[in-house]
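Under my numbering, the sequence shown has 151 at position 153, and the numbering climbs by one with no breaks.
We treat Cβ as the ideally placed atom computed from N, Cα and C, and that holds for glycine.
Read the structure below first, then the notes.
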Amino acid sequence: MPRARLQARQTAGSELPTVTYQQPSTTLALSTTFTPAASCYSNKLTMLPPPYYYIWANEPVPFAGTTVTNCYPPEFLASYTSVESNTFGSSIVPVMSPLACPANFCTKQVGDDNYIVCCPSGYDFQPPATPRIRDRPAYGGTCISKFTQSQSVTVLKYDINGETNIEPWTAPGTQDHAYAHPIDGFAATFPKIGCPAPPSSSFEILSASPSTNATTSSLSSASSAVANASGSSNTSSKVSPGTIAGAVVGSILGLAAIIGLIFFLLRRRKHHRSESAQRMHQVEDDFGVHRVEKDSNLLAAEMASVRSDKYGHNADGQVYEMNAQPVHEMPGAPLPYQK
-1 MPRARLQARQ
9 TAGSELPTVT
19 YQQPSTTLAL
29 STTFTPAASC
39 YSNKLTMLPP
49 PYYYIWANEP
59 VPFAGTTVTN
69 CYPPEFLASY
79 TSVESNTFGS
89 SIVPVMSPLA
99 CPANFCTKQV
109 GDDNYIVCCP
119 SGYDFQPPAT
129 PRIRDRPAYG
139 GTCISKFTQS
149 QSVTVLKYDI
159 NGETNIEPWT
169 APGTQDHAYA
179 HPIDGFAATF
189 PKIGCPAPPS
199 SSFEILSASP
209 STNATTSSLS
219 SASSAVANAS
229 GSSNTSSKVS
239 PGTIAGAVVG
249 SILGLAAIIG
259 LIFFLLRRRK
269 HHRSESAQRM
279 HQVEDDFGVH
289 RVEKDSNLLA
299 AEMASVRSDK
309 YGHNADGQVY
319 EMNAQPVHEM
329 PGAPLPYQK
């Protein structure tokens, strides 16, 4: 493949002949933050057809009759016009007012009346050599990202017939760049230079090593750190279904244990009351036996007192009859004497 000559379609030092195009006179509103497709964050590089081989990031019109719409706001593309690559000011877009930079863009330049310029994250802004519109001093400029020497990237290459092929490309020097389209307009509030919100992933150039093994080279170490932090935050904020199921099962088991403990305590208390009642009944029976024994002793004492009235006791304890009447012999014939 011949060496690709990289130069911006809008460069400060361009000496190419200019062609007069009617500049846009309409104003479009982009008041909400546009969020592009996830694939746009990977900084898809497109190599335009020969003879210039320009490399652009997320080029909306890479070939005549072809429009890629998922990386730029519809309001921007509604009036976007692509012109010949060898002309100064090769894209024509209306001014945005109010303007909110897309989610993967950062504010790179501010001016009077809240004028701002938005470039993709990881790209710097290169203003035009000569402003075309007085109220839009950045119009005609370009967003650029420098390649390092011998850096290898993967590009989607277009040929003169509009056919595409994915190929590796190696930067021959440090003066080669990738380009992207800026979006300019007027912010609704006082603007500040910088990114309005951290990008959800780093804006990277996909590169290939000399051994054709695919690797990834980040254009910005800061954007990579932000991406890592964002990924960690997203991971920690999610709760897995397994964790939820475990919590539910644990709650059910805990409730069952509490119910079982209450049932055991009630059963034990009931059993304790039953034993107490049985002991009280036994005590009452013992009291009845004592009363019977007491009554028996009383009866024996009474019988003894009656006996003592009728019988007396000598000192030896022998019983003798008291108040006895004398015994009289009945008259009768004498008993015969027998020898």
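- Along the segment 107 to 172, the beta strand (DSSP E) occurs as fully enclosed runs of 3 or more residues at 113 to 118, 122 to 124, 140 to 144, 150 to 156 and 162 to 168, listed in sequence order.
- Under DSSP, the beta-bridge partners assigned to residue 175 are 144.
- In this structure, 123 is the residue among 262, 269, 73 and 123 with its C-alpha nearest to the C-alpha of residue 176.
- Between residue 57 and residue 153, the alpha-carbon positions lie close to 12 Å from each other.
- One Cα belongs to residue 105, the other to residue 192, and the distance between them is close to 5 Å.
- Going by beta carbons, residue 46 and residue 121 fall outside the 9 Å limit.
- Bounds of the beta strand (DSSP E) holding residue 96 are 93 to 97.
- Counted as a single uninterrupted DSSP element, the beta strand (DSSP E) harbouring residue 28 occupies residues 25 to 28.
- Going by beta carbons, residue 96 and residue 186 fall inside the 9 Å limit.
- By a beta-carbon distance limit of 8 Å, residue 77 contacts residue 26. Their separation comes to about 7 Å.
- Note on geometry: alpha-carbon atoms of residue 55 and residue 66 lie some 12 Å from one another.
- Separation of the CB atoms of residue 111 and residue 188 is rounded to 10 Å, and the pair is thereby denied contact status at 8 Å.
- In the displayed model, residue 191 falls within coil according to three-state DSSP, outside both helix and strand.
- The three-state secondary structure of residue 75, taken from DSSP, is helix.
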